[in-house]
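Written out below as structure tokens is the structure these notes cover.
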């Protein structure tokens with residue numbers, strides 16, 4: 142299942158174009174978080190995607206609600222790969238097929254036309270996707286960005302792939318990495334260690350056997366850290 146999440150879309154025209162693109166590339170669901178744009182006013186821009194707005198578009202009140210029932214969450218941003226900022230380390234659109242081919246329920250998350258996604262919103266995703274463009278003007282129109290990403294997914298045969306990784310393992314890995322990070326971090330440590338470990342582990346998983354092995358390792362590491370702390 143492929144879900145497109147758009148956080149607080151502002152333009153009726155962009156929303157209509159996105160609905161049309163979702164129909165073009167067979168997206169399963171479009172979720173809008175607190176849209177400022179009007180679904181009704183977007184319909185003239187959706188062409189034959191009007192039925193998509195009516196039947197496969199859902200409005201939610203919170204970002205967390207939009208991310209429910211997912212195995213993999215991919216945020217997007219025009220700001221990426223800035224020096225010493227682990228949160229901004231990114232993958233390119235043509236690189237995500239390997240991840241999607243092994244994951245059942247995935248969301249690609251797009252931000253507001255004006256300011257994109259916040260750092261907190263990116264933090265809640267499992268990885269960050271960036272479309273390379275002119276470094277002097279890297280910000281794409283929202284619907285254009287959606288179109289590029291969906292084309293790359295569709296072109297690489299996402300719908301012919303077999304989903305094999307159970308999403309519960311992805312969430313367990315995230316939970317264990319976060320808990321272990323909280324146990325060992327210095328008081329002034331940033332979140333870079335957590336972000337790097339989560340993305341590295343999640344990005345390397347190709348099947349349930351690997352996922353179970355990583356969860357087992359993290360569980361043993363967590364228990365070791367907890368009991369070693371009690372002995373001191």
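In our numbering, the protein residues as written are 142 to 373.
We treat Cβ as the ideally placed atom computed from N, Cα and C, and that holds for glycine.
Euclidean distance between Cα positions of residue i and residue j
| i | j | result |
| --- | --- | --- |
| residue 303 | residue 246 | Only weak support exists for where residue 303 lies, its pLDDT of 47 falling under 50; the value from the coordinates is given anyway. So the two alpha carbons sit approximately 12 Å from each other. |
| residue 321 | residue 339 | 11 Å |
| residue 205 | residue 157 | 24 Å |
| residue 142 | residue 174 | 19 Å |
| residue 216 | residue 193 | 23 Å |
| residue 154 | residue 183 | 6 Å |
| residue 331 | residue 318 | 14 Å |
| residue 239 | residue 281 | 25 Å |
| residue 259 | residue 235 | 24 Å |
| residue 261 | residue 152 | 23 Å |
| residue 145 | residue 200 | 12 Å |
| residue 197 | residue 187 | 13 Å |
| residue 325 | residue 366 | 8 Å |
| residue 301 | residue 347 | In this prediction, residue 301 scores a pLDDT of 49, lower than 50, which makes its location untrustworthy; the coordinate-derived value is nonetheless stated afterwards. The alpha-carbon atoms of residue 301 and residue 347 are separated by roughly 16 Å. |
| residue 179 | residue 171 | 14 Å |
| residue 243 | residue 312 | 15 Å |
| residue 250 | residue 257 | 10 Å |
| residue 150 | residue 355 | 37 Å |
| residue 223 | residue 276 | 12 Å |
| residue 185 | residue 287 | 19 Å |
| residue 160 | residue 368 | 52 Å |
| residue 360 | residue 323 | 14 Å |
Assigned secondary structure, residue i (DSSP; H/G/I helix, E/B strand, else coil)
| i | result |
| --- | --- |
| residue 230 | coil |
| residue 352 | helix |
| residue 347 | coil |
| residue 220 | coil |
| residue 280 | coil |
| residue 256 | coil |
| residue 291 | helix |
| residue 246 | coil |
| residue 208 | coil |
| residue 143 | strand |
| residue 366 | helix |
| residue 177 | coil |
Under 7 Å between C-beta atoms of residue i and residue j
| i | j | result |
| --- | --- | --- |
| residue 166 | residue 270 | no |
| residue 228 | residue 272 | no |
| residue 169 | residue 213 | no |
| residue 283 | residue 314 | no |
| residue 107 | residue 279 | With the chain covering only 142 through 373, there is no way to say anything about residue 107. |
| residue 310 | residue 248 | no |
| residue 252 | residue 336 | no |
| residue 349 | residue 307 | yes |
Bounding residues of the beta strand (DSSP E) (the contiguous stretch that carries residue i)
| i | result |
| --- | --- |
| residue 266 | Run containing residue 266: none; DSSP gives neither H nor E here. |
N- and C-terminal bounds of the alpha helix (DSSP H) containing residue i
| i | result |
| --- | --- |
| residue 237 | Neither: residue 237 is in no alpha helix (DSSP H) and is coded neither H nor E. |
| residue 166 | Unbroken run through residue 166: none, as it is neither H nor E. |
| residue 196 | 191–196 |
| residue 184 | 180–187 |
Any chain C beta carbon closer than 7 Å to residue i
| i | result |
| --- | --- |
| residue 297 | In summary, chain C is missing from the structure at hand, where a single protein chain is found. |
Residue ranges of each beta strand (DSSP E) run of no fewer than 3 residues wholly in the region 293–342, ordered along the chain? none
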